[in-house]
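Chemist: Residue numbers (the numbering used here): 437 to 567.
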Ligand code: THU
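#1: Please state the DSSP three-state secondary structure of residue 505.
#2: Quick one: is the Cβ of residue 539 within less than 7 Å of any heavy atom of the ligand THU?
#3: Measure how close the beta-carbons of residue 476 and residue 493 come, nearest whole angstrom, since I'm counting them as under 8 Å.
#4: Collect the residues with a C-beta less than 7 Å away from any heavy atom of the ligand THU and give them in sequence order along the chain.
#5: Would you say residue 525 and residue 555 are within 8 Å of each other, going by their C-beta atoms?
#6: Which full runs of the alpha helix (DSSP H) of 4+ residues lie inside the stretch 488-564, going along the chain?
#7: Please list the terminal residues of the continuous beta strand (DSSP E) segment that includes residue 464.
#8: Quick check: the stretch 451-467 against the stretch 499-515, are at least 3 beta-carbon pairs closer than 8 Å?
#9: Is the beta carbon of residue 514 less than 8 Å from the beta carbon of residue 544?
#10: Residue 484 by DSSP, collapsed to three states: which one?
#11: When DSSP builds the beta bridges, which residues end up paired with residue 474?
#12: Only counting the same chain, and skipping five residues up and downstream in sequence, which positions put a Cβ closer than 7 Å to that of residue 507?
Structure follows, in structure tokens:
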């Protein structure tokens with residue numbers, strides 16, 4: 437699947453976002469190396485910090501399904517520039533994605549920017565730091 441198709445999948449799931457507080461829907465589409473697609477949207481809560489970003493919903497769905505090998509992720513929101521994933525999502529990406537894995541960030545105008553996990557979170561804290 438190419439990055440524009442992945443972006444379209446992220447746009448589709450964005451429609452399911454539950455965002456009564458921010459009114460800022462986000463969609464994410466995660467492709468595994470085996471070709472499976474996991475979609476996520478942001479889901480908010482009246483207790484605001486409990487809310488979860490679209491990227492982490494997609495990643496946690498995949499991990500809970502036993503997937504560990506990932507190919508690409510696309511994220512989309514209605515932003516002027518390609519949407520910038522939050523710091524918590526970057527940390528979760530660095531836990532589960534290869535340093536060189538491509539993350540496509542985009543917006544509804546199809547501005548698309550591709551960054552690696554490492555570019556999104558350089559010098560990240562990870563499992564090796566705990567040994
Ligand atoms: N949000 C995401 O889902 N992903 C991002 O990359 C940026 C922010 C969500 C969190 C919250 O539900 C809303 O967007 C506003 O911050």
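Heads up, the beta-carbon is just placed ideally off N, CA and C, and yes, glycines get one too.
Modeler: So, from the listed chains and residues:
#1: Within the chain shown, residue 505 is the residue found at index 69, counting from 1. Three-state DSSP puts residue 505 in coil, outside helix and strand.
#2: For this step, residue 539 is matched to residue 103 along the chain shown. Not under cutoff, so the answer is no.
#3: Counting from 1 along the chain shown, the entry for residue 476 is found at position 40. Counting from 1 along the chain shown, the entry for residue 493 is found at position 57. The Cβ separation is near 3 Å, so the contact holds.
#4: 455, 458, 460, 462, 478, 480, 487, 489, 490, 491, 511, 513, 519, 520, 521, 522 and 525
#5: The residue you call residue 525 lines up with position 89 of the chain shown. The residue you call residue 555 lines up with position 119 of the chain shown. Not in contact: residue 525 and residue 555 (Cβ atoms no closer than 8 Å).
#6: Complete alpha helix (DSSP H) runs here, min 4: 490-500, 523-532 and 553-556.
#7: Translated into positions along the chain shown, residue 464 becomes position 28. Per DSSP, residue 464 belongs to the beta strand (DSSP E) from 462-468.
#8: Yes, the stretch 499-515 is in contact with the stretch 451-467.
#9: Position 78 of the chain shown, counted from the first residue, corresponds to residue 514. Position 108 of the chain shown, counted from the first residue, corresponds to residue 544. In contact: residue 514 and residue 544 (Cβ atoms closer than 8 Å).
#10: Residue 484 sits at position 48 when you count from the first residue of the chain shown. Looking at residue 484 - three-state DSSP - the assignment turns out to be helix.
#11: Your numbering for residue 474 matches position 38 in the chain shown. Within the DSSP secondary-structure output, residue 474 pairs in a beta bridge with 466.
#12: Against the chain shown, residue 507 aligns to sequence position 71. Answer for residue 507: 467, 468 and 469, listed in chain order.
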